[in-house]
Amino acid sequence: MAEKDVLMEVKNLVTRFYTEDGVVKALEGVNFNLYKGETLALVGETGCGKSVTALSILRLLAISGKTLEGEALFYDDEMKEKLGITTDGPVDLFKLTKKQMLKVRGFTMSLITQDPMTSLNPVYTVGEQIVEVIKLHKGLSDKESKKQALKLIEEVELTPPEDIFIKYPHQLSGGQRQRIVISISLAAEPALVFADEPTTALDVTIQATVLGLLQQLKEEFNSSLILITHNLGIVAETSDRIGVMYAGSVVELVDKYTLFKRPLHPYSQGLIASVPKISEKKETLNFIPGNVPNLIHPPSGCRFHPRCTYATDICKKKAPELQSVENDDHLVACWNVKQVIKDLDKQGGASG
Amino acid sequence: MKPLLEVNNIKKYFSFQRGILRKKTFYLKAVDDISFNLERKKTLGVVGESGCGKTTLGKTLVNLHKPESGSINLNLDDGTSIDVINANDDEMKTVRRTIQMVFQDPHSSLNPRWPIKNIIGEPIDILKMASGRREKESMVMKLLNDVGLKPEHMNRYPHEFSGGQRQRIGMARALAPKPDIIVLDEPTSAVDVSVQAQVLNLLKELQKSKSMSYLFISHDLGVVHHMSNEIAVMYLGQVVEYGDTDKIINDPLHPYTKALLSALPVPDPEFEAHKKRIILKGQLPDAINPPKGCRFHTRCAELVGEKCKHDCPALKEVSKGHKVACWIYEE
Ligand SMILES: Nc1ncnc2c1ncn2[C@@H]1O[C@H](COP(=O)(O)OP(=O)(O)OP(=O)(O)O)[C@@H](O)[C@H]1O
Ligand SMILES: Nc1ncnc2c1ncn2[C@@H]1O[C@H](COP(=O)(O)OP(=O)(O)OP(=O)(O)O)[C@@H](O)[C@H]1O
Ligand code: SF4
Ligand SMILES: [Mg+2]
Ligand SMILES: [Mg+2]
């Protein structure tokens with residue numbers, strides 16, 4: 005990271021889904037900040053709230069979902085200019101009108117999902133779709149826009165660009181479609197890209213290309229990236245910092261090296277220890293006993309307490325807050341983190 | 028003692044017709060001249076891009092595909108050997124019992140309309156291993172117990188289980204005939220890391236307690252490294268490199284292995300930071316029309332010369348137990 009300017013501060017997001025079976029308490033106070041130009045990875049077991057976090061911020065939740073509390077403070081002058089906001093300070097995304105939010109999603113933020121078809125319009129050629137964004141964004145002529153679109157298609161390594169330009173989404177492979185979605189992102193030069201399992205459906209080599217492109221997008225426009233994935237390998241490769249989520253909140257937030265070497269939240273410790281590593285061969289892998297909790301009836305207090313070996317009385321009563329430990333840049337939400345650190349130091353620093 | 032399984036020069040082609048007026052038959056060489064040995068109680072890992080033939084290789088070993096040519100010999104502990112491809116009915120029974128497979132997708136490989144006691148009991152029926160219903164049920168219960176599931180769940184249906192539990196059901200089914208070899212096709216690709224750890228531990232425990240050999244197919248290099256004694260790297264139906272796990276991971280020789288290693292993200296930031304990145308150009312070529320010469324030459328970063336374009340290098344031993352098929356190492 006070249007600079008450490010904050011792009012967005014997410015504070016205390018609380019999101020619920022109202023279903024026939026009951027209220028799903030999907031997010032219970034999600035907190036994190038995001039720097040300009042960084043890749044923040046959100047990791048955690050299935051159902052922990054990674055996608056819902058992204059959708060809440062983008063304000064794209066299903067009708068049954070509602071974000072009850074929280075702020076997403078955005079520090080981006082260009083966005084303010086586009087929205088015609090002249091007041092000082094950051095903009096809270098939750099305070100914008102629907103119309104403003106539509107603009108924000110067009111220019112400032114974009115979402116790349118596992119299934120690129122959801123972001124593409126099946127009745128227009130991919131070329132038309134890229135041109136549309138360029139025209140809106142840069143106000144260029146039809147001819148100029150087309151020229152730029154072809155350049156973008158070439159940039160995502162789809163050749164010959166003229167052939168790809170006239171194709172409809174269904175005429176392309178999954179990997180090709182994903183690259184078109186990325187080229188549309190490139191066209192908008194967004195300040196923030198959410199990539200939710202962008203390569204899960206792709207093969208390793210195409211995965212490498214797509215990850216490379218996301219990296220490029222970041223470098224070219226100093227965009228920030230929120231990368232959501234199960235794959236800790238991808239996280240180790242592409243992220244700067246990692247937010248570990250458990251049952252609806254971020255329980256640890258720190259740079260990737262520290263997280264893999266010295267995770268401090270008991271859940272992160274379990275998660276990291278369960279991954280087979282190349283640098284050390286172990287006979288058996290650690291794992292976290294118990295199951296992911298039901299979010300209609302989540303555990304009280306710290307939602308991890310039924311599976312936690314460190315749990316004490318207070319863990320059952322009150323949810324711990326995300327706080328800095330050891331240094332300002334290492335945040336952990338755990339009542340007993342001091343004990344965790346003591347145990348680690350006894351073992352000689354490394355963990356897992 | 029001879030290796031448990033000796034595979035020599037097997038080929039599995041899929042044929043189909045293209046063309047509207049004049050139909051022409053094409054061959055897709057999914058497995059094209061593959062040889063290896065599987066030793067007792069050892070794990071051979073198989074890695075390679077999607078479509079390179081890993082699953083086809085596995086299915087050929089368990090006789091779901093009949094190979095075009097080549098031989099597969101099963102050398103049993105009692106000294107007898109079975110020529111798997113030309114086995115008679117009696118021998119075939121032994122082969123079915125001895126080599127089992129756990130399939131890639133736990134959702135589609137378990138019959139959704141059957142309670143799991145029928146799913147796990149099917150091989151017991153086919154191989155007539157139990158004398159009656161009672162004995163069969165007690166075998167099923169023991170198997171469920173072996174894979175860490177509750178025996179009283181045997182009347183439930185697959186959809187009532189989580190992804191990790193379904194993997195265990197597939198495993199219990201494979202264990203039913205007490206096999207010596209199990210082909211594990213991407214056994215953890217559909218589950219979370221913490222569940223993956225449990226499944227991998229279970230596989231290792233079972234391998235020890237039941238003295239089995241595994242052919243372990245996976246995309247995940249960390250997982251293959253964790254599980255395997257040896258690794259075979261496949262490209263377009265062929266093995267291009269073969270050797271001890273540590274050799275393949277730490278000292279890869281084939282340009283494709285190097286590229287693949289560099290493309291596969293490893294959950295270890297320090298390793299990632301030092302990793303040399305080799306960009307593999309293009310996609311896997313059409314398997315119906317594979318490139319002439321070395322099949323990898325169209326994407327190779329080290330291409331040594333005209334030879335690569337015209338002649339196909341053979342898999343040759345370059346150091347003890349480390350084989351590679353590449354002209355660079357041919358002297
Ligand atoms: N539309 C919805 N209606 C009801 N519940 C929902 C809805 N969308 C998500 N949820 C619930 O919210 C919780 C968080 O889901 P989310 O999709 O964010 O998980 P995730 O971390 O992205 O998981 P995965 O890794 O499987 O994608 C889950 O318990 C999920 O069941
Ligand atoms: N039954 C079949 N009929 C025709 N072609 C087939 C058949 N099964 C596989 N193929 C083809 O054979 C090649 C090898 O397929 P295979 O499933 O063995 O690949 P794989 O290495 O297991 O890939 P993945 O990693 O995606 O599972 C592919 O080109 C595939 O399309
Ligand atoms: S707060 Fe308590 S229950 Fe939660 S992780 Fe820390 S010790 Fe465990
Ligand atoms: Mg998700
Ligand atoms: Mg396969």
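Chains Z and W supply the protein sequences, listed in that same order. Following our numbering, the numbering of the first sequence begins with 5 at its first residue and continues without gaps. Following our numbering, the numbering of the second sequence begins with 28 at its first residue and continues without gaps. Glycine included, C-beta positions come from ideal geometry on N, C-alpha and C.
Rounded to a whole number of angstroms, what is the C-alpha to C-alpha distance between residue i and residue j?
i	j	result
V18(Z)	C327(W)	51 Å
G26(Z)	G69(Z)	12 Å
A201(W)	E149(W)	10 Å
I116(Z)	R181(Z)	11 Å
K361(W)	G249(W)	A query on residue 361(W) cannot be resolved here, the shown segment of chain W reaching from 28 to 358 and no further.
K81(W)	M239(W)	20 Å
G90(Z)	K84(Z)	According to the sequence as given, residue 90(Z) is Thr; it is not Gly. Their Cα atoms are separated by approximately 7 Å.
Y40(W)	G85(W)	14 Å
N113(W)	D338(W)	32 Å
D313(W)	V95(Z)	51 Å
D207(W)	L326(Z)	51 Å
L275(Z)	T313(Z)	14 Å
I7(W)	V34(W)	An answer regarding residue 7(W) cannot be provided, because it is not within the stretch 28 to 358 covered by chain W.
G179(Z)	V135(Z)	21 Å
F225(Z)	Y54(W)	47 Å
N138(W)	N145(W)	9 Å
M249(Z)	L64(Z)	20 Å
I188(Z)	F169(Z)	12 Å
D152(W)	L171(W)	17 Å
D349(Z)	E330(Z)	12 Å
Y128(Z)	H174(Z)	10 Å
S255(W)	L162(Z)	37 Å
G252(Z)	V34(Z)	7 Å
A315(Z)	A337(Z)	13 Å
Can residue i be considered in contact with ligand 6, in the sense that its beta carbon sits closer than 8 Å to one or more heavy atoms?
i	result
I244(W)	By its list of ligands, the structure shown excludes ligand 6, since it contains just ligand 1, ligand 2, ligand 3, ligand 4 and ligand 5.
Does residue i pass the burial test, meaning 16 or more other C-beta atoms within 10 Å, or should it be called exposed?
i	result
G191(W)	buried
E7(Z)	Low local confidence applies: a pLDDT of 48 at E7(Z) is under 50, so the model's placement there is unreliable, with the coordinate-based value given in what follows. With fewer than 16 Cβ atoms within 10 Å of its Cβ, E7(Z) is classed as exposed.
D278(W)	exposed
P214(W)	buried
L46(Z)	buried
P126(Z)	exposed
G93(Z)	exposed
N36(W)	exposed
E73(Z)	exposed
Identify whether residue i lies in helix, strand or coil by the three-state DSSP scheme.
i	result
S355(Z)	Low confidence applies here, because S355(Z) scores a pLDDT of 47, under 50, leaving its location unreliable; read the following figure in that light. Note: S355(Z) maps to coil in three-state DSSP.
V108(Z)	helix
H246(W)	coil
S114(Z)	strand
L65(Z)	coil
M5(Z)	Residue placement at M5(Z) cannot be trusted, given a pLDDT of 42 that sits under 50; the coordinates are not used to answer.
Q127(W)	strand
T325(W)	helix
G72(W)	strand
H301(Z)	coil
S108(W)	strand
Apart from the five residues just before and just after residue i, which ones in its own chain have a Cβ nearer than 6 Å to its Cβ?
i	result
I184(Z)	V130
Q44(W)	K50, T52
V218(W)	G190, G191
G356(Z)	Unreliable placement is indicated for G356(Z), whose pLDDT of 45 sits below 50; the coordinate value is still reported in the next sentence. For G356(Z), where only same-chain residues beyond five positions count, the Cβ hits under 6 Å are I276, A277.
G270(W)	G348, H349
Counting only Cβ pairs nearer than 7 Å, list the residues of chain A close to residue i.
i	result
S77(W)	Looking for chain A here will not work: the only protein chains present are Z and W.
Please work out which residues of its chain come closer than 8 Å, Cβ to Cβ, to residue i, disregarding the five sequence neighbours upstream and downstream, and give them in chain order.
i	result
S304(Z)	K320, K321
L3(Z)	Nothing can be reported for residue 3(Z): it is not among the residues displayed for chain Z, which extend from 5 to 356.
Under 7 Å Cβ to Cβ from residue i, same chain only, skipping five residues before and after it: list those, please.
i	result
T262(Z)	H334
P178(W)	M168, L171, N172
L140(Z)	G110
Check your understanding: Given a limit of 8 Å on CB to CB distance, which residues of the segment 212-226 of chain W reach chain Z?
Key -> The segment 212-226 of chain W vs chain Z, Cβ under 8 Å: D219, V220, S221, V222, Q223, A224, Q225.
Point to revise | Against chain W: residues of the segment 294-316 of chain Z by CB proximity under 9 Å | key: Listed by position, the residues of the segment 294-316 of chain Z near chain W (Cβ gap below 9 Å) are N295, V296.
**Study point:** chain W contacts from the segment 262-278 of chain Z (Cβ-Cβ distance under 7 Å)
**Key:** Listed in chain order, the positions of the segment 262-278 of chain Z with a beta carbon within less than 7 Å of a beta carbon of chain W are F264, G274, L275, S278.
Practice item. Anything in the segment 34-50 of chain Z with a Cβ closer than 7 Å to a Cβ of chain W? List those residues in chain order, please. Key: Answer in chain order: E49, T50.
Check your understanding: Any residues in the segment 231-264 of chain Z with a beta carbon nearer than 8 Å to a beta carbon of chain W? Which ones, in chain order?
Key -> Taking 8 Å as the Cβ-Cβ cut-off against chain W, the residues of the segment 231-264 of chain Z that qualify are H234, N235, L236, G237, I238, V239, A240, E241, T242, K260, Y261, F264.
Review point. Along the segment 279-307 of chain W, what residues have a CB closer than 9 Å to any CB found in chain Z?
Key: If the cut-off is 9 Å between Cβ atoms, the segment 279-307 of chain W has A286, L287, S289, A290, L291, P292, V293, P294, D295, P296, E297, F298, E299, A300, K302, R304, I306, L307 near chain Z.
Review point. Listed in chain order, which residues of the segment 130-154 of chain W have Cβ atoms closer than 9 Å to some Cβ of chain Z?
Key: Residues of the segment 130-154 of chain W that bring their beta carbon within less than 9 Å of a beta carbon in chain Z are absent altogether.
Review point. Given a limit of 9 Å on CB to CB distance, which residues of the segment 230-249 of chain W reach chain Z?
Key: Within the segment 230-249 of chain W, the qualifying residues are K231, E232, H246, D247, L248, G249.
Practice item. Output, in sequence order along the chain, the residues in the segment 251-270 of chain W whose CB is closer than 7 Å to any CB in chain Z. Key: Within the segment 251-270 of chain W, the residues whose Cβ lies closer than 7 Å to some Cβ of chain Z are H252, H253, listed in chain order.
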